[in-house]
Amino acid sequence: SEADFLTYCAMCREQLARTGKPVLHILDLLLPELAHEATEAPAGISCRRMNRRKLKNTVLERLHQPGMPRLAWEDIVLELTPEVRAMLEERRILEDDVRQVIHQSREHKRCFVHADGRRIAAAELGEVTFWVEYTEKDGACVVQTVWSHRMRIMGGQS
Numbered sequence: 017s018e019a020d021f022l023t024y025c026a027m028c029r030e031q032l033a034r035t036g037k038p039v040l041h042i043l044d045l046l047l048p049e050l051a052h053e054a055t056e057a058p059a060g061i062s063c064r065r066m067n068r069r070k071l072k073n074t075v076l077e078r079l080h081q082p083g084m085p086r087l088a089w090e091d092i093v094l095e096l097t098p099e100v101r102a103m104l105e106e107r108r109i110l111e112d113d114v115r116q117v118i119h120q121s122r123e124h125k126r127c128f129v130h131a132d133g134r135r136i137a138a139a140e141l142g143e144v145t146f147w148v149e150y151t152e153k154d155g156a157c158v159v160q161t162v163w164s165h166r167m168r169i170m171g172g173q174s
């Protein structure tokens with residue numbers, strides 16, 4: 017079709033955006049302050065999660081309801097190279113998962129520390145155990161690699 021697309025399904029918007037065709041979601045018209053450009057590339061899984069949070073808070077504000085409280089791990093600043101971002105996307109690991117692992121590691125003071133300062137932290141989030149290798153620099157966590165397995169570590173905590 018020569019016309020631009022309008023969808024009411026977020027996943028359809030993402031799939032159509034991959035074709036390079038201009039596409040909007042109906043909420044882009046209803047909530048222009050949160051709108052994305054029709055030519056914007058599809059969002060990754062972490063960005064989609066963040067967009068859902070923004071949408072929920074905006075709707076709650078309009079209904080004069082309290083927004084969602086911020087959780088302590090949400091303030092962790094991540095520094096991710098394009099390669100690490102691609103790895104997260106390929107492995108379907110959310111940036112929020114990475115933040116939660118680092119937060120739990122700090123809270124429980126449990127991680128491996130290499131002589132060069134690299135840290136490896138692990139945490140069970142639901143039925144999946146995540147590992148994050150990172151360094152700390154200027155208040156940010158510079159992530160080198162992340163992996164996960166659908167497993168539990170028995171006889172202790174991960």
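Just so you know, we're using our numbering here: the sequence shown kicks off at 17 and counts up by one.
Built from N, CA and C at the ideal position, the CB exists for glycine as well.
{"query": "Report the partner residues of K37 according to the DSSP bridge assignment.", "result": "Answer is none; K37 lacks a bridge partner."}
{"query": "Going along the chain, which residues of its own chain have a beta-carbon closer than 8 Å to the beta-carbon of A26, five neighbours each way excluded?", "result": "H41, R64"}
{"query": "Three-state secondary structure (DSSP) at I136?", "result": "strand"}
{"query": "Which residues in the same chain have their Cβ closer than 6 Å to the Cβ of P58, if we skip the five residues on either side of it in sequence?", "result": "E30, A33, R34"}
{"query": "Which of the three DSSP states is assigned to H80 in this structure?", "result": "coil"}
{"query": "Quick check on the DSSP output: the alpha helix (DSSP H) that includes H124 runs from which residue to which?", "result": "111 to 124"}
{"query": "If you draw a straight line from the alpha carbon of R78 to that of K72, how long is it in whole angstroms?", "result": "10 Å"}
{"query": "Can you give me the Cβ contacts of L50 inside the same chain, cut-off strictly under 8 Å, excluding the 5 residues immediately before and after it?", "result": "L43, D44, N67, K70, L71, T74"}
{"query": "Would you call the CB atoms of I61 and R108 closer than 8 Å?", "result": "yes"}
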